[in-house]
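Notes to accompany the following structure.
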Amino acid sequence: MNIFRLVGDMSHLLAIIILLMKMWKSRSVAGISGKSQILFAIVFTTRYLDLFTSFVSIYNTSMKVFFIGTSYVTVYFIYQHFKPTYDSNHDTFRVEFLIVPVGGLAFLVNHEFSLLEILWTFSIYLESVAILPQLFMVSKTGEAESITSHYLFALGSYRALYLLNWIYRYYFEGFFDLIAVVAGCVQTILYCDFFYLYITKVLKGKKISLPA
Amino acid sequence: HNVTMRKDEL
Chain V
1 MNIFRLVGDM
11 SHLLAIIILL
21 MKMWKSRSVA
31 GISGKSQILF
41 AIVFTTRYLD
51 LFTSFVSIYN
61 TSMKVFFIGT
71 SYVTVYFIYQ
81 HFKPTYDSNH
91 DTFRVEFLIV
101 PVGGLAFLVN
111 HEFSLLEILW
121 TFSIYLESVA
131 ILPQLFMVSK
141 TGEAESITSH
151 YLFALGSYRA
161 LYLLNWIYRY
171 YFEGFFDLIA
181 VVAGCVQTIL
191 YCDFFYLYIT
201 KVLKGKKISL
211 PA
Chain Z
213 HNVTMRKDEL
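These protein sequence lines map, in sequence, to chains V and Z. Going left to right, the first sequence walks through residues 1 to 212 as my numbering numbers them. Going left to right, the second sequence walks through residues 213 to 222 as my numbering numbers them.
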């Protein structure tokens with residue numbers, strides 16, 4: 001474990017807590033893409049299948065349980081509990097255009113042709129594009145609540161910090177995973193536009209309004 | 213590149 005990965009995991013944890021608090025306090029899921037949250041639930045489910053077969057540490061196991069659990073709670077909030085506030089008219093990204101190519105790529109490009117490894121690879125590739133429905137929704141609605149912007153900033157920062165973690169691990173541990181690094185770069189690049197808006201606008205108290 | 217490297221990352 002290194003500081004970059006620890007801060008990255010905490011940033012990821014914070015993002016999920018911000019989202020859940022926003023939903024619970026405002027009793028609303030307005031502006032949140034249910035499709036992205038479904039993709040995240042798929043990401044965690046396919047990545048943490050080794051939850052019961054390989055034990056790394058208490059931290060690792062507890063974080064995995066937390067991520068899987070909260071991802072399903074979030075989907076439940078959107079599609080059941082706070083359904084009346086779900087803005088399905090603006091959450092129209094065709095996720096099949098993500099899942100099919102990502103599934104095919106995971107099948108072709110992976111470290112080992114085994115079920116667990118292919119599912120892990122699928123999860124890594126899917127996570128890199130899972131935020132697209134959410135970013136698409138923000139661009140369609142033309143704006144995002146500031147709390148949603150904080151959620152996206154924390155979520156985008158987590159993988160950016162993982163890039164630093166991989167640089168650190170490459171130099172100090174000789175650890176290198178090309179698939180995770182390439183997907184992590186794609187994932188972080190997708191946030192760049194948002195990062196710019198967040199830093200130039202939200203931090204000055206303005207609301208984000210992506211070009212609709 | 214040892215594939216069976218333990219997946220210790222989240």
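All C-beta atoms in this analysis are idealised placements derived from N, C-alpha and C, irrespective of residue type, glycine included. Please read these numbers as outputs of a predicted model, since none were measured by experiment.
Taking C-beta separations shorter than 6 angstroms and ignoring five residues to either side along the sequence, the partners of A106(V) in its chain run I118, T121, F122, Y125, following chain order. In this structure, DSSP gives I38(V) a helical state, which the three-state scheme calls helix. The beta carbon of W120(V) sits closer than 8 angstroms to some beta carbon of chain Z. For D193(V), the enclosing alpha helix (DSSP H) covers residues 178-200. Between the alpha carbons of F82(V) and E173(V) lies a distance of about 46 angstroms.
Put simply, of L51(V), Y198(V), F97(V), T45(V) the residue whose alpha carbon is nearest the alpha carbon of S149(V) is Y198(V).
Counting other Cβ atoms within 10 Å of its Cβ, M137(V) reaches 16 or more and is therefore classed as buried. Residue state for I17(V) is assigned as helix, using DSSP reduced to three classes. A Cβ-Cβ distance of about 14 angstroms is found for the pair N165(V) and N60(V), leaving them out of contact under the 8 angstroms criterion. For V109(V), the closest of S36(V), I189(V), C185(V), A180(V) by C-alpha to C-alpha distance is A180(V). Residues of chain Z with a Cβ closer than 8 angstroms to the Cβ of N60(V) are, in chain order, D220, L222.
Around the beta carbon of M21(V), fewer than 16 other beta carbons sit within 10 angstroms, so the residue counts as exposed. A Cβ-Cβ distance of about 14 angstroms is found for the pair A160(V) and L14(V), leaving them out of contact under the 8 angstroms criterion.
Chain order gives the chain Z residues near R5(V) as E221, L222, where near means a beta carbon separation below 9 angstroms. For A144(V), DSSP records a beta bridge to I208(V). The beta-carbon of F67(V) is placed less than 8 angstroms from the nearest beta-carbon of chain Z.
For a Cβ distance threshold of 9 angstroms, residue set L222 of chain Z lies close to M63(V), ordered along the chain. Counting the other Cβ atoms within 10 Å of the Cβ of T92(V) gives fewer than 16, which makes it exposed. Not one beta carbon of chain Z lies nearer than 8 angstroms to the beta carbon of D91(V).
Counting along the chain, T121(V) sits inside the alpha helix (DSSP H) bounded by residues 115-129. The C-beta of V56(V) comes closer than 8 angstroms to at least one C-beta of chain Z. G34(V) sits close to Y79(V), with the two beta carbons spaced by under 8 angstroms.
The distance from the Cβ of L135(V) to that of D50(V) is about 30 angstroms, inconsistent with a contact at the 8 angstroms cut-off.
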